[in-house]
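One structure below.
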Amino acid sequence: MSRVLLTGGTGYIGSHTAVSLLESGHEVVVVDNLVNSKIDSIREVEKLMNAKVPTYIGDVQDEQLMNRIFTEQHIDVVIHFAGLKAVGESVHKPLEYYQNNFDSTLVLIRTMLAHQVNNIVFSSSATVYDPANDPERVEGMPVGNCSCPYGWTKFMIEQIIRDCCHAYPQLNAVMLRYFNPVGAHPSGVIGENPLGIPNNLMPYIQQVAVGKLDHLNIFGNDYPTPDGTCVRDYIHVCDLADAHALACDYLLKHEGCCQEINIGSGHGVSVMELVTAFEKANNMKLAYQFAPRREGDLPIFFANADKARELLGFKTRRSVEDMCRDAYRYQQKQSGKE
Ligand code: NAD
Ligand code: WQD
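The opening residue of the sequence shown carries number 269 in the working numbering; numbering runs sequentially from there.
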């Protein structure tokens, strides 16, 4: 058993990862400044798992706070989720994105090393891959040419971590490149409920399904794909969370590692297929219309998931239907509260 610190742990992926870690016998500590989440998610995790999760409300850029956490808690592994993540917003607020995402990482690694905490899992993204690659993304492919400051923060933080692993050989790192995380815990008590109008597909569908939004705009139906809509690799957030528990186990067994690993299902699903699966899983009709292409969207990309299977023993277990059913259940519970 080990104790894992989740920076950004009250967020969407962090809260689900807290559940997976507790299920697999780890202890969890959280630090989050609540800039994009509420403390309630961790309270729900505590109720669900009948466990205590020490939670520090504060900024990872605050070196004093991070020193206090590493002094008070005996941490074995850090999973670094904390960061700003909205693609469009990052174009308008590059300074905020570079400052928050870089400074939090620099302070975190500095304080980790000072306290001999040597294992880090970083939340990277499929967005680091050069768009010019073949659609099936393999870890060794070229990265860069990112489409927005958010993407560049992931690209650069990966490089910072590689440089630190080289300079401080005691540091072990796994950088998980997530594809498209969706869905919610089957209990419906934690999930993704963005503020304002959602940018991402599944949260938008969820809000149309409960009547909060009128209809879905499908951005483009003239792409060179089988049904003309874009293809992505959707992964159930609980599968993604399980990958983090496996990454912690891997780090604890492999000194001197520094690995980039795709976390996706390995299968492409089109926007239209996701809409149809949602309707079928929830026995309902979704209002949608076709709209012009969204700037910057690639027609198709999905993960090559071999490395995750080989190194971590990771394989997705939940289907697209599970993603749709769980996402809807969560949204229904949320709308009951609103
Ligand atoms: P989220 O916004 O729900 O969670 C991030 C958390 O970090 C939030 O709770 C926020 O309050 C916190 N935070 C931000 N800056 C902080 C700081 N300086 N100090 C303390 N807390 C801070 O997002 P998420 O979807 O759970 O994403 C988690 C991580 O995974 C992010 O780094 C994101 O970039 C990355 N990622 C997400 C996706 C996705 O589609 N959701 C895909 C690829 C990568
Ligand atoms: C999926 C598909 C849209 C909304 C983003 C980030 C990426 C990563 C994951 C963090 C696309 C279409 C969407 C809508 C639509 N995040 N769509 N109508 O763009 O693949 O990836 O989230 O690292 O960096 O860019 O995900 O959910 O926004 O879009 O038709 O209202 O759904 O055009 O084809 P994307 P998405």
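From the three backbone atoms N, C-alpha and C, an ideal C-beta is built for every residue, glycine too.
Quick caveat: nothing in here was measured; it's all calculated off a predicted structure.
Residue i versus residue j: straight-line alpha-carbon distance, rounded
{"i": "N448", "j": "R500", "result": "7 Å"}
{"i": "C433", "j": "C526", "result": "7 Å"}
{"i": "L439", "j": "L514", "result": "18 Å"}
{"i": "K521", "j": "A382", "result": "22 Å"}
{"i": "D565", "j": "R336", "result": "43 Å"}
{"i": "T275", "j": "N468", "result": "23 Å"}
{"i": "H512", "j": "E357", "result": "27 Å"}
In DSSP terms, what residue i is bridged to
{"i": "N468", "result": "Paired residue(s): none; N468 is not in a bridge."}
{"i": "F487", "result": "A559"}
{"i": "R585", "result": "DSSP lists no partner for R585."}
{"i": "C498", "result": "Beta-bridge pairing links C498 to no other residue."}
Buried versus exposed, by CB contacts within 10 Å (16 or more), residue i
{"i": "V303", "result": "exposed"}
{"i": "E528", "result": "buried"}
{"i": "I545", "result": "Ile is not the amino acid found at residue 545; the sequence shown has Ala there. A545 is buried by the Cβ-count criterion."}
{"i": "Q332", "result": "exposed"}
{"i": "K353", "result": "buried"}
{"i": "M552", "result": "exposed"}
{"i": "M380", "result": "buried"}
{"i": "Q384", "result": "exposed"}
{"i": "M540", "result": "buried"}
{"i": "Y397", "result": "buried"}
{"i": "E460", "result": "buried"}
{"i": "A400", "result": "exposed"}
Heavy atom of ligand 4 within 6 Å of residue i beta-carbon
{"i": "L302", "result": "Summarising the ligand content, the structure contains ligand 1 and ligand 2 and does not contain ligand 4."}
Check: residue i C-beta below 6 Å from any heavy atom of ligand 1
{"i": "K353", "result": "yes"}
{"i": "Y596", "result": "no"}
{"i": "V328", "result": "yes"}
{"i": "Y472", "result": "no"}
{"i": "S538", "result": "no"}
{"i": "N368", "result": "yes"}
Residue i CB to nearest heavy atom of ligand 2 below 6 Å
{"i": "C498", "result": "yes"}
{"i": "D565", "result": "yes"}
{"i": "T278", "result": "no"}
{"i": "V505", "result": "no"}
{"i": "S533", "result": "no"}
{"i": "S393", "result": "yes"}
Proximity test, Cβ basis, 7 Å: residue i and chain B
{"i": "L374", "result": "The structure shown has no chain B; it contains just one protein chain."}
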